[in-house]
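Those protein sequence lines, which keep their order, are chains W and C.
The first sequence begins at 381 in our numbering and counts up by one.
The second sequence begins at 381 in our numbering and counts up by one.
Please read the structure below before turning to the comments.
Protein chains: 2
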Amino acid sequence: MVHGPPTQAIDDVLALVREGGGRVTTARRAVIAALLDGSGEHLTAEDVAERVQRQHPDVHLSTVYRTLDALDDLGVTNHVHLGHGPSTYHLATDPHHHAVCNGCGTVVHLPADLFDGVAERLRAGVGFELTAPHFSLPGRCADCVSADR
Amino acid sequence: MVHGPPTQAIDDVLALVREGGGRVTTARRAVIAALLDGSGEHLTAEDVAERVQRQHPDVHLSTVYRTLDALDDLGVTNHVHLGHGPSTYHLATDPHHHAVCNGCGTVVHLPADLFDGVAERLRAGVGFELTAPHFSLPGRCADCVSADR
DNA sequence: ATAATTGCAAAGTCTTTGCAGTTTG
DNA sequence: CAAACTGCAAAGACTTTGCAATTAT
Chain W
381 MVHGPPTQAI
391 DDVLALVREG
401 GGRVTTARRA
411 VIAALLDGSG
421 EHLTAEDVAE
431 RVQRQHPDVH
441 LSTVYRTLDA
451 LDDLGVTNHV
461 HLGHGPSTYH
471 LATDPHHHAV
481 CNGCGTVVHL
491 PADLFDGVAE
501 RLRAGVGFEL
511 TAPHFSLPGR
521 CADCVSADR
Chain C
381 MVHGPPTQAI
391 DDVLALVREG
401 GGRVTTARRA
411 VIAALLDGSG
421 EHLTAEDVAE
431 RVQRQHPDVH
441 LSTVYRTLDA
451 LDDLGVTNHV
461 HLGHGPSTYH
471 LATDPHHHAV
481 CNGCGTVVHL
491 PADLFDGVAE
501 RLRAGVGFEL
511 TAPHFSLPGR
521 CADCVSADR
């Protein structure tokens with residue numbers, strides 16, 4: 381292992397899994413490790429599976445999907461739809477929003493409080509409670525905007 | 381026909397199609413009529429096809445997809461991802477945002493200017509230009525929030 | 001005429017599911 | 001041991017595509 385994620389961080393997440401009545405398995409440990417390892421990236425289920433399978437070739441893609449689902453239910457991970465492709469997953473720690481450039485596909489991370497104003501307006505206006513970011517904002521990044529001109 | 385959309389409105393859209401180098405066909409006319417007719421609703425490609433086929437049973441679902449694609453490219457329609465299901469389409473006139481309740485699935489229409497503040501912050505901060513709404517905001521509607529308590 | 005569009009069927013992508021066997025608590 | 005989890009293969013939902021025939025301009 382070159383530098384893998386700290387055992388501590390994995391165990392913290394696994395504790396949550398146990399608390400939720402879930403069981404700790406090799407597959408789950410590996411999925412969490414992959415997510416920690418790819419922290420800051422936008423991993424699809426297939427990306428996660430690929431990383432998991434480097435150490436545990438027998439873990440099946442469908443198990444990764446099921447694990448990711450379970451973690452999502454526990455609130456440990458979030459999945460985000462960046463565009464038209466597959467969903468991407470990341471740990472729920474460090475919540476943030478995403479903007480995707482439809483010119484070059486770049487994903488920009490945005491501060492978590494970006495929608496505070498919007499959330500407030502929705503709560504006051506229609507009583508709607510916004511939940512975790514789950515979508516991305518489409519647009520054009522600075523580079524593509526200059527290229528347009 | 382009970383009340384179908386005004387021919388005028390259809391022709392306006394068709395004019396845009398022609399301007400874009402596209403051709404006017406029965407299928408396209410019918411797709412546009414369906415969209416006008418379902419204005420305010422969130423029609424999936426299948427919904428559109430169903431409506432189209434009431435008058436023109438031979439129009440194939442794949443043609444509807446292609447037409448919707450073409451209209452999207454022309455900027456005449458937008459498609460929105462409301463959740464995990466199929467995309468929904470609507471005419472680009474009367475732009476608005478959507479919030480979807482993950483309790484009951486209700487879709488709430490939101491004012492178009494809701495993101496003005498966010499857009500400004502993004503433009504000033506990272507030079508990112510937000511484009512048309514293309515996603516929905518997840519959360520819980522007022523009813524489901526009360527039900528939670 | 002000729003380039004766009006269509007119907008159809010087939011394939012593609014991403015995700016879920018049934019089931020029998022295995023493992024965890 | 002019982003319930004949860006897994007691998008596998010198959011199916012499912014939604015969308016796209018190749019191609020030959022048709023149609024708009």
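The beta-carbon is built from N, C-alpha and C at its ideal position, and this holds for glycine as well.
Quantities reported herein were computed from a predicted structural model and do not represent experimental measurements.
Rounded to whole angstroms, W/GLY505 and C/ASP523 show a C-alpha spacing of 14 Å. Taking the Cβ atoms as the reference, C/THR468 lies roughly 6 Å from C/THR424, within the contact range of under 8 Å. Residue-level contact by beta carbon holds for W/PRO518 and chain C, with a gap shorter than 8 Å. Between C/ALA492 and C/HIS514, the C-beta gap is not smaller than 8 Å, which leaves the two residues out of contact.
A Cβ-Cβ distance of about 7 Å is found for the pair W/VAL397 and W/LEU454, placing them in contact under the 8 Å criterion. The C-beta of W/ARG409 comes no closer than 8 Å to any C-beta of chain C.
In chain order, CYS481 and GLY483 place their CB closer than 6 Å to the CB of W/ARG520, counting only its own chain and leaving out the 5 sequence neighbours on each side.
When C-beta distances to chain W are compared with 9 Å, the residues of the region 492–506 of chain C below that value are LEU494, PHE495, GLY497, VAL498, ALA499, ARG501, LEU502, GLY505 and VAL506, in chain order. For a cut-off of 8 Å, the C-beta gap from W/SER526 to W/HIS461 is around 27 Å, too long to register as a contact. Close CB contacts of W/THR406 within its chain, under the 7 Å cut and outside five residues either way in sequence, are with HIS436 (chain order).
Within the DSSP secondary-structure output, C/THR457 pairs in a beta bridge with C/LEU471.
Per DSSP, reduced to three states, the secondary structure at W/LEU394 is helical.
In the structure shown, W/GLY519 falls within a strand segment according to DSSP collapsed to helix, strand and coil.
The contact set of W/ALA479 on chain C, defined by CB atoms closer than 9 Å, consists of LEU502, VAL506, PHE508 and LEU510 in chain order.
Annotated three-state conformation of W/LEU462 is coil, per DSSP.
Of the residues assessed, C/PRO475 falls on the exposed side of the cut-off, its CB having fewer than 16 other CB atoms within 10 angstroms. Following the DSSP letters along the chain, one finds W/LEU490 inside the beta strand (DSSP E) bounded by residues 487–490.
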